[in-house]
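I have placed the structure first, in the form of structure tokens, so that the comments after it can refer back to it.
Protein chains: 2
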Amino acid sequence: MRPFKRLMSRASALEIISENTRPVERVERVPITDAAGRVLAEETVAEAHVPPFDRSSMDGYAVRAEDTFGAGSTSPKKLKLIGVQHAGEHYEGEVGNGVCVQVATGSPVPKGSDAVVMVEYTKTDGVNVEIQKPVYPGSNISLEGEDIKKGEKVISPGEVLTPGKLGVLAALNRETVQVYERPQVVVFSTGTEVRPLGAELSPGQIYDINSYTVSAVISANGCIPIVKGIVRDDEEDLKMAIEEASRHDMGVFSGGSSVGEKDLFVDIIEGLGEMLFHGVQVKPGKPTLFGLVSGTPIFGMPGYPTSCLSNSYIFLRPALRRLAGLPQLEPRVVTARMGSRVVSSSGREQFLTVRLKGGVAHTVFKKSGAITSMANADGYVILPVDLDVIDEGEEVQVTLLE
Amino acid sequence: MRPFKRLMSRASALEIISENTRPVERVERVPITDAAGRVLAEETVAEAHVPPFDRSSMDGYAVRAEDTFGAGSTSPKKLKLIGVQHAGEHYEGEVGNGVCVQVATGSPVPKGSDAVVMVEYTKTDGVNVEIQKPVYPGSNISLEGEDIKKGEKVISPGEVLTPGKLGVLAALNRETVQVYERPQVVVFSTGTEVRPLGAELSPGQIYDINSYTVSAVISANGCIPIVKGIVRDDEEDLKMAIEEASRHDMGVFSGGSSVGEKDLFVDIIEGLGEMLFHGVQVKPGKPTLFGLVSGTPIFGMPGYPTSCLSNSYIFLRPALRRLAGLPQLEPRVVTARMGSRVVSSSGREQFLTVRLKGGVAHTVFKKSGAITSMANADGYVILPVDLDVIDEGEEVQVTLLE
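Put into structure tokens, the structure is as follows:
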């Protein structure tokens, strides 16, 4: 059995992960109805003005502004109503002095008019319209190209397609859009004691948990999990599995990275590629490793469900988002009071999972092996390496799990 | 043309929406691999202990704790190594006094032993093991049922399935899980000037934007958009569309809720059901309405892309999440300095979209009709009804769009 050599600090580990994970450059074309949250992979240049014509931005009457000067509620100006310009239609007439045309929001501005008076400031008997407030030229009119000008670059590669940006694509009549492919991340669980769901357990065996938690984190961060199931802690099998993973965009293995005699992981990674760190200064989750095989990042996560999932949030998620070209998540942090005294003496940064109730953080951390340590948590309190005790009632910062 | 009567405040409108939107109660069974983010619809009671046996939580040696008392790095206790207990296997031997068995993390604790000494505090020549630190009974052992006890209720209806909770389901050998169905939300765009993507535009016509932005918001909040396309501003067509929507869980119409003469929406809703509000005290997005038809909530959103999308975040999203049984989102707010002087005189609460750059909020709001007002925004500053001016450099709270 080989103990860990030097534990990597969280910051250094994250730096190494970032330096060795490159965004996927493959692209695909998808309908914009399937493109929400995807990362744009083409320059979007407008082929036409948006809006494509001068239009009324209010319901009301198109006028010559000069005809309204001096109008007031007690001294209205009277204009003759000569027609209606419906939205979506083309009105043939022209607005001269002394007349007006009824317009709806979004309808083109009739020829000759240079302003729209809002319906709220008018009164009509169907023949004439009383204008009760003056407008200046351009009032309540959206000019052609005011939103987007023809030739304008509106969205650029690397931007994430929000509902608003999808709206821009629709305005430009783009039915499909080129985005970066979702990275494919291979997931293996290792361990002789780990069995697939549905199997009968023999004494000493447990169900595979990590394939499910890790894939959920992969999907939630813009990547596609390719779940391969359980691989035996056997040199040949593990080597084949790592090689298979290296033909995709990333590989995540759980278990098999502790210091037990069956832990061949380090040797195989070193044989096939390069080990970049083995052992991180966080608790839970010390036995986490990261390496490259044929340029593909390979994570070895701890076998313990809570250690594995905790480090999936801390280390794997940034890697997934980088691979997918997504911006890193800003952690959401809330202030709370610690519900009980907590003692830490690990010499590692400790991620203490807590449940929040009425501003109080109650620890739900049982053991690294207990999946309920994560399942019942709203977030975690990070205890620095040099902090040993948090007293009951002490103020803490809780990073929400999301 | 009928002007708005009384504008509803945002708070009152949200209350009415909440009171009249009920979570969908239909359930379905899905594989746990597809269940991330779904809302649990069954009580989850553990049929077995997790872990199902006493196991070692460390790599090391299973011992009788009493044999280690007094051990130190300069005064180790020597125990005879009688075998190896591999993870996932069953070791037949028994640990008596003076002997030990090698164990790996996760392997069952051999009969007779009551503690595990971590490998880090041992030295071995393959025949004997030197113990350099004492352990007490129970050290480094996870007891059967320590994570989850047989019969324990672990996750309850209404909880959202996070990666951690999916891990709990896997630990309990649940391959499928009962969740609430995703609500079906019908989406219509109205307006004679609105054309589907791919069509040639005649003068005065524009492309449908709202179907795309609204559906993206629907999908992002746990519901399924059923996009029906464009319906004419015609009494019979609109009536049929609203009736169709009322046979689903919710209907969202955009356009047709302004005060123009073609705006039949209010009359039809009042004829078929009940109008709950028409006109909200927010800018952009005043012409927003909400009613019930056959008990189904129907939204009439403004036709203007920015008004429609802004109110999809403000009013539609809470309704969608309630329908889906999801918790409401806590808005993420950051402090910034206003990049330029802003004047508001709308008499409504104003949602001013801004882009953040180096802690400064730059307004990107053009007009309610400009989709880029939303597409280019990182968030919005809310100007209260009674606030007229924000000076350049003044501190503002920016609610992030996400």
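Protein sequences, first through last, are from chains A and B. When we follow my numbering, the leftmost residue of the first sequence carries the number 16, and every step to the right adds one. When we follow my numbering, the leftmost residue of the second sequence carries the number 16, and every step to the right adds one. Positions of the beta carbon are idealized from the N, C-alpha and C atoms, including for glycine.
A contact between stretches requires three or more CB pairs, one per stretch, nearer than 8 Å, and the segment 224-233 of chain B meets this requirement with the segment 169-186 of chain A. In chain order, Leu176, Leu181, Val192, Val194 place their CB closer than 7 Å to the CB of alanine 50 of chain B, counting only its own chain and leaving out the 5 sequence neighbours on each side. Under the Cβ distance rule, asparagine 188 of chain B counts among the residues neighbouring chain A, one pair being separated by less than 7 Å. If you compare the alpha carbons of B:Glu34, B:Gly111, B:Gly362 with that of glycine 306 of chain B, the shortest gap goes to B:Glu34. At least one CB of chain B lies nearer than 7 Å to the CB of lysine 382 of chain A. From the beta-carbon of aspartate 223 of chain B, the residues of chain A found nearer than 8 Å are Ala185.
Just measuring C-alpha positions, the residue of B:Gly121, B:Glu135, B:Tyr222, B:Arg79 sitting nearest glycine 111 of chain B is B:Arg79. Assignment of proline 91 of chain A by DSSP, reduced to helix, strand and coil, places it in the coil class.
Contact check for serine 269 of chain A against cysteine 323 of chain A passes: the beta carbons are separated by less than 7 Å. Taking 3 residues as the minimum length, the beta strand (DSSP E) runs contained wholly in the segment 78-163 of chain A are 92-100, 114-118, 130-133, 137-139, 143-146, in order along the chain. Within the DSSP secondary-structure output, alanine 376 of chain A pairs in a beta bridge with A:Met353, A:Leu371. About 10 Å separates the beta carbons of glycine 315 of chain B and phenylalanine 292 of chain B, which is beyond the 8 Å limit, so they are not a contact pair. Of all C-beta pairs linking the segment 336-354 of chain B to the segment 371-389 of chain B, three or more are shorter than 8 Å, placing the two stretches in contact. Residue environment: methionine 255 of chain A is assigned as exposed (fewer than 16 neighbouring CB atoms within 10 Å of its CB, all protein chains considered). In the structure shown, methionine 316 of chain B adopts extended strand secondary structure according to DSSP, grouped into three states.
Identification of chain A residues near isoleucine 47 of chain B by a Cβ-Cβ cut-off of 7 Å yields Tyr227, ordered along the chain.
Sixteen is the threshold: since fewer than 16 other Cβ atoms of the shown chains lie within 10 Å of the Cβ of glycine 286 of chain A, the residue is exposed. Within its own chain, the residues whose Cβ lies closer than 6 Å to the Cβ of glycine 318 of chain B, once the five positions on either side in sequence are excluded, are Gly206, Ser269, Gly270, listed in chain order. The beta carbon of alanine 260 of chain B sits no closer than 7 Å to any beta carbon of chain A.
In the DSSP assignment, valine 232 of chain B falls within the unbroken alpha helix (DSSP H) covering 225-235. When DSSP states are grouped into helix, strand and coil, leucine 184 of chain A belongs to the helix group. With a threshold of 16 other beta carbon atoms within 10 Å, lysine 95 of chain A falls short and is exposed. Taking a beta-carbon distance threshold of 7 Å, serine 72 of chain B counts as an interface residue toward chain A. Per DSSP, threonine 207 of chain A lies in no beta strand (DSSP E) segment and is marked neither H nor E. Judged by pairs of C-beta atoms under 8 Å, the segment 23-34 of chain B does not touch the segment 362-369 of chain A, as fewer than three such pairs exist.
Along the segment 230-246 of chain A, going in chain order, the ones with a CB nearer than 8 Å to a CB of chain B are Ser230, Ala231, Val232, Ser234, Ala235, Val242. Listed along the chain, the chain B residues whose CB falls inside 7 Å of the CB of glutamine 193 of chain A amount to none; the nearest CB is some 16 Å away.
Under a 10 Å Cβ-count criterion, arginine 53 of chain A is classified as buried, with 16 or more other Cβ atoms of the shown protein chains found around its own Cβ. If you check each beta-carbon in the segment 90-105 of chain A against every beta-carbon of chain B, the ones closer than 7 Å belong to His101, Ala102, Gly103, Glu104, His105. Interface with chain B (7 Å Cβ-Cβ cutoff): serine 157 of chain A is included. Cβ atoms of isoleucine 397 of chain A and threonine 414 of chain A come within 8 Å of each other, at about 7 Å. Ranked by Cα distance from histidine 263 of chain B, the first of B:Pro240, B:Gly244, B:Val246, B:Asp248 is B:Pro240. Contact between serine 154 of chain B and valine 118 of chain B is absent: CB atoms are separated by about 12 Å, not below the 8 Å threshold. Less than 7 Å divides the Cβ of lysine 126 of chain A from the Cβ of glutamate 109 of chain A. For lysine 180 of chain B, the chain A residues whose C-beta falls within less than 8 Å of its own C-beta are Ala390, listed in chain order. Close CB contacts of serine 234 of chain B within its chain, under the 7 Å cut and outside five residues either way in sequence, are with Pro240 (chain order).
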